Amino acid sequence: MAVTLVVCCVLLQSDQSYAAGKHSNDRQVRPLPKGVSVYQLDNGMKVLLIENPALPMVGVNVVVKVGSAYETFSTSGMSHMLEHLLFNGTTTRSQKQLYDDVDRIGGYNNATTAEYYTNYMMVTPAENIRKGMEIQADMLFRSTLPSDKFEKEKGIVLEEISKSLADPQEQLERNTLSMLYQGHALSLPTLGTYSTIQALSRDDVNTFYKNNYVPNNMILSVIGKFRTSAMLALIKEIYGKASPGQVRRASDPEWATGFQRPQEAAPGITVEHRQYDGDDFVMRVFYALPSGRPQEFMQLLTYVTEKAKERLQASLKTRFHQSVKSLKITTRLSPFSDFLEATLILKTRVDEDSLLSALTSELSGLSFDLPAETVAAELTKTRTEFARNIEKPHMFGIYNADALAKEGIEAVLSAYGRDNLTDAAKDLAGLKLGPHPFVLVQSPAAKKDTSRMDASGSAEQFKNDASGKNLIVAQNDANRLLAIHYLVKHKAAFEFKYGKDASKILHECLNDRLKSDANQKASGRFGFSFTVNDNPFIPMDDIYLHPDFGYIRVEGLADDVPGAIAYLNSQFKDFVPTEDEFKRAVEKFKGNEAMMMGGDKSRKLFDALRDSVLYERNLYAGGPSILTYQNIIAFAKEYFTLSNMIISIVSPSAPESIDLQFNQAGFSPVAGEPPVYTPTLLLPAKAGSIERTIGGERSYVFWGFVRAIDPNDAPVLQALSLILSERIVFDIREKQGMAYNISAGIDVIKDKALFFVSQGTRPQNVGVLMPQYPRFFQAGSLDSLKQDDLEKAVNMYLGRMMFRRLSSINQAYYLGYSAYFFNDFTYDARFLDRLRNVRLGDVKAAAKKYMQVTNPQAIIVR
Numbered sequence: 003m004a005v006t007l008v009v010c011c012v013l014l015q016s017d018q019s020y021a022a023g024k025h026s027n028d029r030q031v032r033p034l035p036k037g038v039s040v041y042q043l044d045n046g047m048k049v050l051l052i053e054n055p056a057l058p059m060v061g062v063n064v065v066v067k068v069g070s071a072y073e074t075f076s077t078s079g080m081s082h083m084l085e086h087l088l089f090n091g092t093t094t095r096s097q098k099q100l101y102d103d104v105d106r107i108g109g110y111n112n113a114t115t116a117e118y119y120t121n122y123m124m125v126t127p128a129e130n131i132r133k134g135m136e137i138q139a140d141m142l143f144r145s146t147l148p149s150d151k152f153e154k155e156k157g158i159v160l161e162e163i164s165k166s167l168a169d170p171q172e173q174l175e176r177n178t179l180s181m182l183y184q185g186h187a188l189s190l191p192t193l194g195t196y197s198t199i200q201a202l203s204r205d206d207v208n209t210f211y212k213n214n215y216v217p218n219n220m221i222l223s224v225i226g227k228f229r230t231s232a233m234l235a236l237i238k239e240i241y242g243k244a245s246p247g248q249v250r251r252a253s254d255p256e257w258a259t260g261f262q263r264p265q266e267a268a269p270g271i272t273v274e275h276r277q278y279d280g281d282d283f284v285m286r287v288f289y290a291l292p293s294g295r296p297q298e299f300m301q302l303l304t305y306v307t308e309k310a311k312e313r314l315q316a317s318l319k320t321r322f323h324q325s326v327k328s329l330k331i332t333t334r335l336s337p338f339s340d341f342l343e344a345t346l347i348l349k350t351r352v353d354e355d356s357l358l359s360a361l362t363s364e365l366s367g368l369s370f371d372l373p374a375e376t377v378a379a380e381l382t383k384t385r386t387e388f389a390r391n392i393e394k395p396h397m398f399g400i401y402n403a404d405a406l407a408k409e410g411i412e413a414v415l416s417a418y419g420r421d422n423l424t425d426a427a428k429d430l431a432g433l434k435l436g437p438h439p440f441v442l443v444q445s446p447a448a449k450k451d452t453s454r455m456d457a458s459g460s461a462e463q464f465k466n467d468a469s470g471k472n473l474i475v476a477q478n479d480a481n482r483l484l485a486i487h488y489l490v491k492h493k494a495a496f497e498f499k500y501g502k503d504a505s506k507i508l509h510e511c512l513n514d515r516l517k518s519d520a521n522q523k524a525s526g527r528f529g530f531s532f533t534v535n536d537n538p539f540i541p542m543d544d545i546y547l548h549p550d551f552g553y554i555r556v557e558g559l560a561d562d563v564p565g566a567i568a569y570l571n572s573q574f575k576d577f578v579p580t581e582d583e584f585k586r587a588v589e590k591f592k593g594n595e596a597m598m599m600g601g602d603k604s605r606k607l608f609d610a611l612r613d614s615v616l617y618e619r620n621l622y623a624g625g626p627s628i629l630t631y632q633n634i635i636a637f638a639k640e641y642f643t644l645s646n647m648i649i650s651i652v653s654p655s656a657p658e659s660i661d662l663q664f665n666q667a668g669f670s671p672v673a674g675e676p677p678v679y680t681p682t683l684l685l686p687a688k689a690g691s692i693e694r695t696i697g698g699e700r701s702y703v704f705w706g707f708v709r710a711i712d713p714n715d716a717p718v719l720q721a722l723s724l725i726l727s728e729r730i731v732f733d734i735r736e737k738q739g740m741a742y743n744i745s746a747g748i749d750v751i752k753d754k755a756l757f758f759v760s761q762g763t764r765p766q767n768v769g770v771l772m773p774q775y776p777r778f779f780q781a782g783s784l785d786s787l788k789q790d791d792l793e794k795a796v797n798m799y800l801g802r803m804m805f806r807r808l809s810s811i812n813q814a815y816y817l818g819y820s821a822y823f824f825n826d827f828t829y830d831a832r833f834l835d836r837l838r839n840v841r842l843g844d845v846k847a848a849a850k851k852y853m854q855v856t857n858p859q860a861i862i863v864r
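Using the numbering used here, you'd call the opening residue of the sequence shown number 3 and step up by one each time.
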């Protein structure tokens, strides 16, 4: 099959823009960056290739241009259901063979479904990418959607819906979509509903599959370590054989799908009311934006509103006597209507007209005219983001899947052009918000009656105990990123002394300072991106959820490493927040708590009960419950000093040159340094069981036991955990369909190990699940285990660990983490090496030694 070369040019300078903006008058053809090329196969599949020889892995993303935006009430959830089914077997592989083949090559195989696309990602070590691509193409074009797996997958999707409905935020979003996009498929949830999923037939889903999963309805992107000519030949061989097809879309004058404009477009001046299962009143206001504006326009609009948000929030709080808990401003985009969306969380109901008038007045008073240096700084950030994304090959596809599906490859590439931002800034300067916003007010629903029942790569360390300096530097001369990770030690002890949440408040104060206009002007040339706290809205963002350290992650361009480090040292040294910065930080986290809507109450109770049963009492529980400004100052002087940090850096520069930049940083000895703290497992003296009932869509169950271990057995126990986890999850989720999220295996903490199963499920499943758990932890259950099974499980895990360590900033994190908790910055790399060498006999011996159920603990929250 022939391949059409669409564009393939070489970028002469790294900061040169390479595509004309959507609204630009400049029609020049601009070159692509080095290593980037675009093609189209004869069967219609479009291809984007991005070479990054610094990566040890290759990621392949295939965007199938179908999602919930192409569904109806009768087919709602079909795209997502089909995504699940594609992991159940092909004409050449059973479901187990699919999983085994991916694990055996250390691959990561996953998918996501959204409104306009379903995205399939495959990431493997570079030497295994051919096999990974063969597996992916097999799934995309030769899946069988086996009938005997169909009902099981329905169960898993129903579990996923149950999990989402337990979250008040999801209920808010469903209400919003149903009102904002009346008459269009965008009004339907991507997951579907209980009714639609239960009604789906295998034949209907198969017809949907054959219609949409054709190469001319797909966009493939490849990022990582490869040569374009060889990769293109592989793509031609593996994906180019699939036959194209005519994608047929349903036509209904009363129901719009895809890019069709609904007859009932977004309302004009109107207020709608809905109820949801939360505690606060929520007012969402939607201001119509000019249509057809590019993403650069939205990027700069977000910059303006984010800068103004704290001031607007404070003003509204003052005017409405603190009834306003928080304000969030975002953009909500679709192919036929774009909105500026303001979400107000309210403690009590207020006069809606007055609040709307005040909000509109505040927003209308904003200036959208940005200075040239701000636009230049945003461009640098965009370039940094591009560099960051191509370090993590799966993330480029994930971040850009929506744009690829809606606008194509060229639109994604053009987003990194200088002229685009300049033109967008000129366009934005004249923005006037629409005078007729649509308002949706959501109120707490009547509460249900509930009953309660008792029952690394190579690196060099520069450490000086006398001064407190602890610097770890790794060199990666194939990348142009500077990644600096500051691990701030002994958070638990210092917060116990000065006040709860002092670290995240202080970190937010620093973030506020760094985002000031003066600092943005000073640091814009470095393209810095700062992360100072975990994102409370991302449940998976848990890599840092440890009580004894805080962190600052800094990523930027390595064009001027000495200048970048000097700037950061000047900002961090002797940092003292102002009282205004402190107040804004406190208000922000109050707002975040409000936006979380209280979360899933059953899950919170379950987590608290589990922790109380499994872990020793926290020595640092308590302390001042109110954090004062005086305490944050005292906290900063002890906690936020360079000598109380482990600083780990990955950059193109030599380690010695990096060390020189810190010689004048101002390290000083730390007196009376507290010990490193980490939660400790208990050894229960007897079996125990706790059950609580509070009502709700979702129940949570735990079963497990703790054994004392030899810490040297940790790698072997990790291998055993992988085997147990795979078997338990496959049985409960894949065979029985009784889980969406489930965690199982062995958790090793120092000299103890927790053997466990923990999951959420629908209430009717609890009685079926609890009696099953003990059988998974019988040593005899491993009699049939083979060396190939072990290698597959270990390679799968090692592939995922490599996956986590792709980005420079994550590599820096693991260096610092190892140095802090194990006093050896090479610990992480050595542990993975030891795991790689675990053999079958080691695992069976460990199972015989430790897998004896002793004083098990059971927890149920219904």
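Just so it is clear, CB atoms sit at the ideal spot from N, CA and C, and this is done for glycine as well. The structure displayed is predicted, hence computed values, not measured ones.
request  = Give the range of the alpha helix (DSSP H) segment to which Val578 is assigned.
outcome  = Where Val578 is concerned, there is no enclosing alpha helix (DSSP H), given that its DSSP letter is neither H nor E.
task = Could you tell me if Asn111 is buried or exposed, where buried requires 16 or more neighbouring beta carbons within 10 angstroms of its beta carbon?
result = Buried is the call here.
Per-residue DSSP class, three states only, for Val38 = Secondary structure at Val38: strand, using DSSP grouped into helix, strand and coil.
request  = Take the Cβ of Gly69 as the centre, count every other Cβ of all protein chains shown within 10 Å, and call the residue buried at 16 or more, exposed below.
outcome  = Taking all protein chains shown into account, Gly69 has 16 or more neighbouring C-beta atoms within 10 Å of its C-beta and is therefore buried.
task = Check Ile748 in the structure and name its three-state DSSP category.
result = Strand, per DSSP.
Residue burial classification, Asp451 (beta-carbon count within 10 angstroms, cutoff 16) = Caution applies to Asp451, whose pLDDT of 47 falls short of 50 and renders its modelled position unreliable; the value that the coordinates give is listed next. Counting other Cβ atoms within 10 Å of its Cβ, Asp451 stays below 16 and is therefore classed as exposed.
query = Of all the options Ser505, Ala447 and Phe532, which has the alpha carbon lying nearest to the alpha carbon of Phe551?
reply = Just measuring C-alpha positions, the residue of Ser505, Ala447 and Phe532 sitting nearest Phe551 is Ser505.
message = Whole angstroms are fine: how far does the CA of Thr350 sit from the CA of His323?
response = About 10 Å.
key: Buried versus exposed call for Glu161 [16 or more other C-beta atoms within 10 Å across all chains shown]   = By the neighbour-count rule (16 or more Cβ atoms within 10 Å), Glu161 is buried.
inquiry  = For the beta strand (DSSP E) containing Gly801, name the first residue and the last one.
reply    = No beta strand (DSSP E) holds Gly801; the alpha helix (DSSP H) holding it covers Gln789 to Arg806.
task = Output yes or no for whether 8 Å exceeds the beta carbon distance between Phe779 and Val845.
result = In this structure, Phe779 keeps its C-beta atom at 8 Å or more from the C-beta atom of Val845.
ask   = At what residue ranges does the stretch 313-393 contain a whole run of the alpha helix (DSSP H), taking only runs of 4 or more?
value = Within the stretch 313-393, the complete alpha helix (DSSP H) runs of at least 4 residues are 354-366 and 374-391.
Contact set for Ala447: own chain, Cβ-Cβ below 7 Å, skip 5 residues either direction = Cβ-Cβ distances below 7 Å link Ala447 to Gln277, Tyr278 and Asp279 in the same chain, with the five nearest sequence neighbours on each side left out; the list follows chain order.
Rounded C-alpha distance that separates Ser727 from Gly769 = Ser727 and Gly769: Cα-Cα distance of roughly 21 Å.
task = Measure the alpha-carbon distance for Asn121 versus His82 and round it to whole angstroms.
result = Going by the C-alpha atoms only, they are around 11 Å apart.
task = Could you tell me which of Leu784, Met124, Ala139 and Ala374 sits nearest to Thr93, measuring between CA atoms?
result = Comparing Cα positions, the closest option is Ala139.
request  = Pair every Cβ in the stretch 390-403 with every Cβ in the stretch 815-823, then say whether three or more of these pairs are closer than 8 Å.
outcome  = In short, these stretches do not touch, since the Cβ pair count stays below three.
query = Are there three or more Cβ pairs, one per stretch, closer than 8 Å when the stretch 423-431 is compared with the stretch 299-309?
reply = Cβ pair count under 8 Å is three or more, so yes.
query = Leaving out the 5 sequence neighbours to the left and right, which residues in its chain are closer than 8 Å to Leu792 when beta-carbon positions are compared?
reply = Taken in chain order, the residues that qualify are Ala721, Ile725, Val840, Arg841, Leu842 and Val845.
Contact between the stretch 785-803 and the stretch 733-746 (3+ Cβ pairs under 8 Å) = Between the stretch 785-803 and the stretch 733-746 there are fewer than three inter-stretch CB-CB distances shorter than 8 Å, so the stretches are not counted as touching.
query = Would DSSP call Pro127 helix, strand or coil?
reply = Pro127: strand per DSSP, three-state reduction.
message = Closer than 8 Å is the cut-off here; do at least three beta carbon pairs connect the stretch 116-132 with the stretch 153-169?
response = Flag = no, the stretch 116-132 and the stretch 153-169 do not touch.
task = In angstroms with no decimal places, state the Cα-to-Cα distance between Phe707 and Ile692.
result = Each residue's Cα considered, the two are about 14 Å apart.
inquiry  = Tell me which residues share the same chain as Arg250 and place their Cβ nearer than 7 Å to its Cβ, disregarding the 5 neighbours each side in the sequence.
reply    = Closer than 7 Å at the Cβ level, and outside the excluded window around Arg250, lie Asn213.
inquiry  = Using only the alpha-carbon positions, how far apart do Lys311 and Ala344 sit?
reply    = When rounded, the distance between both Cα atoms is 10 Å.
request  = Give a yes or no on whether the C-beta atoms belonging to Ala461 and Phe827 are separated by under 8 Å.
outcome  = With a cutoff of 8 Å on beta-carbon distance, Ala461 and Phe827 are scored as near each other.
query = Smallest Cα separation from Pro654: which of Asp582, Ser518, Ala485 and Pro773?
reply = The option with the nearest alpha carbon to Pro654 is Ala485.
ask   = What is the rounded straight-line gap between the Cα of Asp353 and the Cα of Leu84?
value = Cα atoms of Asp353 and Leu84: separation of roughly 46 Å, rounded to the nearest angstrom.
ask   = So what does DSSP say about Tyr211, is it helix, strand or coil?
value = DSSP, read as helix, strand or coil, puts Tyr211 in helix.
key: Val703 versus Ser363 - alpha carbon distance   = As the crow flies, the alpha-carbon of Val703 is around 50 Å from that of Ser363.
request  = For the beta strand (DSSP E) containing Arg709, list its first residue and its last residue.
outcome  = Counting along the chain, the beta strand (DSSP E) containing Arg709 begins and ends at Ser701 to Ala710.
query = With a CB to CB cut of under 7 Å and the five nearest residues on each side skipped, what residues in its chain are close to Met233?
reply = Excluding residues within five positions, the ones whose Cβ falls inside 7 Å are Leu51 and Val224.
key: Proximity to Asn665 [Cα-Cα], best of Pro677, Met141 and Leu644   = The candidate whose alpha carbon is nearest that of Asn665 is Leu644.
message = Only counting the same chain, and skipping five residues up and downstream in sequence, which positions put a Cβ closer than 7 Å to that of Asn767?
response = Taken in chain order, the residues that qualify are Met740.
message = Please classify Ser572 as buried or exposed, where buried requires at least 16 other C-beta atoms within 10 Å of its C-beta.
response = Burial call: exposed.
Beta-carbon proximity of Asp715 to Ala848, cut-off 8 Å = Contact flag set, yes.
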